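Presented below is the structure to which this report refers.
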Amino acid sequence: MDILKSEFERSYMSDSQANNKNKKILYAVIAILAVLVIALGVYAYNLSHRSTTTIVTAPTKSASSEKASSSTKKYIEGKDYKITYSNTNLIDKSTITKALDANGLNDINDLMDTSEDGGDMAKVEVYYNKDKNLLVERLFKNGYKGDEDTTRVVYDITQGKIPDNGADTNVYYQPSWLVYTWEKLAK
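Per this note's numbering, the very first residue in the sequence shown carries number 517; after that it's consecutive.
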């Protein structure tokens with residue numbers, strides 16, 4: 517019976533089969549694109565909702581300056597913390613601020629945050645070594661004893677970064693003058 521089909525029927529059937537094949541290809545391309553769009557959406561969502569935490573244990577640039585604070589509390593200078601500049605005739609405030617920004621120590625919310633991924637700081641002291649043009653930052657976590665700092669970070673003002681030479685920070689510390697103090701007032 518197939519032999520008896522007209523030329524029109526044979527032509528129509530081959531066009532229909534070609535259309536079905538094209539439809540299958542089109543559906544496959546659409547499905548692949550949909551999977552890619554969903555995968556990219558999930559990836560973008562994960563990137564935008566990823567949090568970073570940093571524990572300051574070595575003189576390295578802190579990523580905590582880049583993370584968004586999860587706290588909505590607004591801390592008030594004079595009530596919750598106090599900032600004191602001294603010896604401003606030796607170094608200007610903007611240089612100190614630049615060094616504190618480079619190390620994430622200008623983020624008051626992070627300094628006050630007592631959670632595991634927060635700064636949990638009680639005090640930050642910055643000393644200026646004029647001979648070497650360095651700032652030595654002494655960090656005191658809550659619960660520190662006496663004059664023992666928890667961490668010490670050196671910032672090279674000339675290079676605009678933390679020197680990566682692994683030397684003992686005590687070498688940079690003397691002779692130096694106290695130029696900045698941040699203290700937590702709230703208990």
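For glycine and all other residues, C-beta sits at the position ideal for the given N, C-alpha and C. Given the structure is predicted, the values throughout are model-derived calculations rather than measurements.
Residue i and residue j: beta carbons closer than 7 Å?
{"i": "residue 701", "j": "residue 601", "result": "no"}
{"i": "residue 633", "j": "residue 658", "result": "no"}
{"i": "residue 556", "j": "residue 615", "result": "no"}
{"i": "residue 640", "j": "residue 698", "result": "yes"}
{"i": "residue 671", "j": "residue 628", "result": "no"}
{"i": "residue 607", "j": "residue 553", "result": "no"}
With DSSP collapsed to three states, give me the class of residue i.
{"i": "residue 579", "result": "Caution is warranted here: a pLDDT of 42 is assigned to residue 579, below 50, making its placement in the model unreliable, and the coordinate value is therefore given only provisionally. Residue 579: helix per DSSP, three-state reduction."}
{"i": "residue 599", "result": "strand"}
{"i": "residue 666", "result": "coil"}
{"i": "residue 606", "result": "coil"}
{"i": "residue 617", "result": "helix"}
{"i": "residue 626", "result": "helix"}
{"i": "residue 573", "result": "For residue 573, the pLDDT reaches just 42, beneath the cut-off of 50, and the residue's location in the model is therefore unreliable, although a value from the coordinates is still provided. Correct three-state label for residue 573: coil."}
On the DSSP bridge list, what partners appear for residue i?
{"i": "residue 637", "result": "657"}
{"i": "residue 593", "result": "597"}
{"i": "residue 643", "result": "652, 694"}
{"i": "residue 677", "result": "672"}
{"i": "residue 539", "result": "Looking at the DSSP assignment, residue 539 forms no beta bridge with any residue, so it has no partner."}
{"i": "residue 632", "result": "Note: residue 632 sits in no beta bridge, so no partner."}
Roughly how many angstroms separate the alpha carbons of residue i and residue j, rounded to a whole number?
{"i": "residue 668", "j": "residue 589", "result": "28 Å"}
{"i": "residue 645", "j": "residue 551", "result": "58 Å"}
{"i": "residue 595", "j": "residue 648", "result": "36 Å"}
{"i": "residue 664", "j": "residue 675", "result": "28 Å"}
{"i": "residue 611", "j": "residue 673", "result": "8 Å"}
{"i": "residue 574", "j": "residue 541", "result": "Because the pLDDT of residue 574 is 40, which lies under 50, any placement of that residue in the model is unreliable, and the number read from its coordinates should be weighed accordingly. Spanning the two alpha carbons is a distance of roughly 57 Å."}
{"i": "residue 560", "j": "residue 626", "result": "26 Å"}
{"i": "residue 661", "j": "residue 599", "result": "21 Å"}
{"i": "residue 604", "j": "residue 656", "result": "23 Å"}
{"i": "residue 549", "j": "residue 617", "result": "43 Å"}
{"i": "residue 546", "j": "residue 539", "result": "10 Å"}
{"i": "residue 642", "j": "residue 558", "result": "43 Å"}
{"i": "residue 653", "j": "residue 630", "result": "20 Å"}
{"i": "residue 537", "j": "residue 563", "result": "39 Å"}
{"i": "residue 613", "j": "residue 678", "result": "14 Å"}
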